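Residue numbers (our numbering): 136 to 299. Note that the Cβ used here is the ideal one computed from N, Cα and C, for glycine as well. Quick caveat: nothing in here was measured; it's all calculated off a predicted structure.
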Amino acid sequence: MPPIGARARDLANAINAYRAQNGLPAVPLSAHLTHVAELHARDLPGNPLPADCNAHSWSSKGPWTACCYTPDHKQATCMWSKPREVSKFNADGFEIAIGQPGVVSGYALDSQRAVDLWKSSPKHNEVMLNRGPWANMTWRALGAGIIDSHACAWFATELDPVDR
Numbered sequence: 136m137p138p139i140g141a142r143a144r145d146l147a148n149a150i151n152a153y154r155a156q157n158g159l160p161a162v163p164l165s166a167h168l169t170h171v172a173e174l175h176a177r178d179l180p181g182n183p184l185p186a187d188c189n190a191h192s193w194s195s196k197g198p199w200t201a202c203c204y205t206p207d208h209k210q211a212t213c214m215w216s217k218p219r220e221v222s223k224f225n226a227d228g229f230e231i232a233i234g235q236p237g238v239v240s241g242y243a244l245d246s247q248r249a250v251d252l253w254k255s256s257p258k259h260n261e262v263m264l265n266r267g268p269w270a271n272m273t274w275r276a277l278g279a280g281i282i283d284s285h286a287c288a289w290f291a292t293e294l295d296p297v298d299r
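The following block contains the structure:
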């Protein structure tokens, strides 16, 4: 597993700072989930999605199974299972993703801007703060990836295998 880079750490720190502001504990940074997040953040900008697929979709242009995550969430397991498929993280993961469609590569989305965008999206905010359908889950691992104009964060209820 490659070492976790500064941009991933910055994004994880921004998420955990926001959690702390809301009285929640920090979620440990996971090398495996960060790998998943960075793969997806690289996949998203170069592979336009069909109209019925959202940003949790994965293209067919990588060492993974292509996945069209639809707004009705009927294909949710194709996203939740990605940590098992592309890393040694043997549990489901839950992603929040943000991108600047149409922005040329090289545009740097910063960590705080990504968190601010997620905060303004009720469903993404619920994941970060364990609210709504995520209220009964305890996040034990966090993966963060921010590449150019796209950011992905992955949350899991299981510890990273290296932390067990």
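Between the options, which has its C-alpha nearest residue i's C-alpha?
| i | options | result |
| --- | --- | --- |
| residue 280 | 170, 219, 297 | 170 |
| residue 200 | 216, 187, 188, 190 | 216 |
| residue 277 | 248, 147, 261 | 147 |
| residue 247 | 139, 157, 152, 196 | 152 |
| residue 188 | 196, 203, 177 | 203 |
| residue 265 | 145, 137, 155 | 155 |
| residue 159 | 268, 294, 272 | 272 |
| residue 173 | 157, 141, 274 | 141 |
| residue 198 | 252, 209, 218, 268 | 218 |
| residue 175 | 210, 145, 214, 207 | 214 |
| residue 208 | 258, 157, 252, 137 | 258 |
For my contact list, residue i and residue j are in at a C-beta cut-off of 8 Å; report their separation, rounded to the angstrom.
| i | j | result |
| --- | --- | --- |
| residue 291 | residue 228 | 5 Å |
| residue 149 | residue 250 | 5 Å |
| residue 230 | residue 288 | 7 Å |
| residue 283 | residue 243 | 6 Å |
Output needed for residue i: all residues of its chain with C-beta closer than 6 Å, excluding positions within five of it in sequence on either side, in chain order.
| i | result |
| --- | --- |
| residue 179 | 234, 285 |
| residue 226 | 291, 293 |
| residue 184 | 192 |
| residue 302 | The structure shown does not extend to residue 302, since the chain is modelled only from 136 to 299, so the question has no answer here. |
Name the DSSP bridge partner or partners of residue i?
| i | result |
| --- | --- |
| residue 274 | Answer is none; residue 274 lacks a bridge partner. |
| residue 282 | 285 |
| residue 249 | None; residue 249 has no bridge partner. |
| residue 164 | 277 |
| residue 291 | 276 |
Sorted by chain position, which residues of the same chain lie with C-beta nearer than 7 Å to residue i's C-beta, five sequence neighbours on each side aside?
| i | result |
| --- | --- |
| residue 223 | 167, 296 |
| residue 270 | none |
| residue 194 | 178, 182, 201 |
| residue 145 | 246 |
Tell me which same chain residues have a C-beta within less than 8 Å of the C-beta of residue i, skipping the five on either side of it?
| i | result |
| --- | --- |
| residue 84 | Because the chain spans 136 through 299 in this model, residue 84 falls outside it and cannot be assessed. |
| residue 205 | 187, 188, 189 |
Practice prompt. Report the residue ranges of all beta strand (DSSP E) runs contained in full by the region 184-241; include only those spanning at least 3 residues, in chain order.
Written response: Annotation: the region 184-241 contains the following complete segments of the beta strand (DSSP E) (minimum length 3 residues), in chain order: 229-234.
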